[in-house]
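Let me begin by presenting the structure, written as structure tokens, before commenting on it.
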Amino acid sequence: MRIVRGVLFILMLLAWPWQGAIAADACADGELRPAKTADGDTLLLSWVGKVNARMAPAIDAAFEAHKRRTKSVELSLQSCGGRTDYMAATIGVLHHIKTTHELTTLVEQGATCASACIPVFLAADRRRAATSSLWFFHRTWRYQLTGSVDAVLTAGPGTYSVAGFLNRYYAPAGVSPKWLARLKEVIENNDGYWQTGRDLWDAKSGIITETIGDIQPQDSRPIYLAPAPGCTAMCRG
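Residue numbering for the sequence shown is 0 to 236, as defined by numbering that gives the first Met the number 0.
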């Protein structure tokens with residue numbers, strides 16, 4: 000009986016909603032999940048993983064394929080960041096989308112938006128995030144490539160100062176000048192700054208324009224669990 004109960008418990012875990020979140024690795028090789036539509040006229044896009052060379056063209060291709068049938072676009076982000084040249088290209092695509100469609104960016108419950116992901120998030124005028132979301136801000140990090148070429152992974156590219164980067168990507172989005180001054184001080188003198196969505200919202204940072212609930216809605220679909228092999232009528236009860 001204990002073995003049967005153990006098997007059923009494992010099956011229940013496999014069917015639990017958090018499994019999708021666990022599989023969505025913010026630092027995996029980034030990819031755009033298959034596009035969906037909601038309410039007939041909203042294109043739902045979801046990017047999971049690093050900001051990479053495929054991000055901008057993938058989002059652009061999905062938008063071009065659906066733009067005539069939709070009026071708005073929602074982009075969900077789960078990313079630990081990436082190179083700023085890829086970030087800038089993605090922001091360019093999002094600005095193009097905004098010329099004809101309403102754009103919303105989203106960071107869901109338990110999701111991460113770190114480093115180069117944050118300016119991508121800020122590209123939308125409507126920015127929704129869960130208070131349980133996780134955020135990481137930092138200054139430029141570099142790593143050495145073959146041929147002695149520095150590639151900027153995150154934060155300010157090239158000769159940008161921290162102030163220049165924040166003025167270019169944060170201030171135009173309406174982020175609080177007072178909060179930006181505090182952020183600049185922290186990241187110039189430390190390796191990084193972790194915040195939750197709740198921290199950002201309570202501080203009136205302006206990063207998030209709208210919070211979403213942290214309660215996982217109950218799935219109304221019935222879940223049927225197959226009985227363990229060899230299970231008799233007794234253990235089925």
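Cβ coordinates follow ideal geometry from the N, Cα and C atoms, glycine included.
Just so you know, these numbers come straight off a predicted model, no measurement behind them.
Test item: CB-CB of residue i and residue j under 8 Å
i: Asp124; j: Val92; result: no
i: His137; j: Ser114; result: yes
i: Ser78; j: Gln108; result: no
i: Lys183; j: Leu199; result: no
i: Leu74; j: Cys116; result: no
Buried/exposed call for residue i, threshold 16 Cβ in 10 Å
i: Thr69; result: buried
i: Arg67; result: exposed
i: Ile214; result: exposed
i: Pro216; result: exposed
i: Gly29; result: buried
i: Ala37; result: exposed
Residue from the options whose Cα sits closest to the Cα of residue i
i: Val72; options: Phe62, Ser114 and Cys26; result: Phe62
i: Ala64; options: Thr83, Ile96 and Tyr85; result: Ile96
i: Cys26; options: Asn51, Arg67, Gly196 and Ser132; result: Asn51
i: Gly48; options: Leu179, Thr195 and Arg82; result: Arg82
i: Arg197; options: Gln77, His100, Ala129 and Ala170; result: Ala129
i: Ala34; options: Leu44, Pro171 and Met54; result: Leu44
i: Ala202; options: Asn188, Asp190 and Ala180; result: Ala180
i: Val106; options: Ile90, Arg127 and Ala170; result: Arg127
Contact between the stretch 113-127 and the stretch 199-209 (3+ Cβ pairs under 8 Å): yes
Ranges of the beta strand (DSSP E) found wholly within the stretch 95-125, counting only runs of at least 3: 101-106 and 111-113
Any alpha helix (DSSP H) of 4 or more consecutive residues that is wholly inside the stretch 163-216: Segments of the alpha helix (DSSP H) lying fully in the stretch 163-216: 176-187 and 196-201.
Ordered list of beta strand (DSSP E) runs contained in the stretch 28-61, each at least 3 residues: 35-37 and 41-47
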